[in-house]
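Here is the structure we will look at, set down as structure tokens.
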Amino acid sequence: MLRLDSNQIANVLPHRFPLAMVDRIVDGEAGEWARGIKCVSVADPAFMGHFPQYHVMPGVLIIEALAQVAAVAMLSLPQNSGRIGFLGSVNKARFRRQVTPGDVLTLESRIVRARRLRLCGGCRPRGR
181 MLRLDSNQIA NVLPHRFPLA MVDRIVDGEA GEWARGIKCV SVADPAFMGH
231 FPQYHVMPGV LIIEALAQVA AVAMLSLPQN SGRIGFLGSV NKARFRRQVT
281 PGDVLTLESR IVRARRLRLC GGCRPRGR
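Residue numbering for the sequence shown follows our numbering, beginning at 181 and increasing consecutively.
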């Protein structure tokens, strides 16, 4: 079972503030899938410039958080230790509701093909 706090995630991923988007990995299996959470706060730097009069989390940052959850799943395998993952493309992304401060995003990524990493993912905001 894959469970990591923010300090353990920092040992796996190269991302640091303000682009470390995952607060905790709550479940998963290395190389297969992972479920993480992102607690959205008005103090997040994106809210200073992205519609400062109406706080909404940019979709590109939601995708980045989802990609970081997938990266934790892949980079947690011993043979991938010290490697870096890059997001190459996104297909069929849809945003069905706005993510605002106070929401907790539950992000789940499932690895479909590991050779050239292909994943399926989704997220749900909670808190409204």
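Backbone N, C-alpha and C fix where the C-beta goes; we use that ideal spot for every residue, glycine too.
Around the C-beta of Gly-268, are 16 or more other C-beta atoms found within 10 angstroms, so that it is buried, or is it exposed?
exposed
Once DSSP output is grouped into helix, strand and coil, what is the label at Ser-186?
helix
According to DSSP, is Ala-214 helix, strand or coil?
strand
Taking only runs that begin and end inside the stretch 245–281, name each unbroken beta strand (DSSP E) of 3 or more residues, in chain order.
none
Within a Cβ cutoff of 7 Å, which residues of the same chain sit near Ile-243, ignoring the five residues on either side of it in sequence?
The residues are Val-270 and Ala-273.
Give the secondary structure of Val-222 by DSSP, where H, G and I count as helix, E and B as strand, and everything else as coil.
coil
For a test of the three-state rule: what should DSSP assign to Leu-199, helix, strand or coil?
coil
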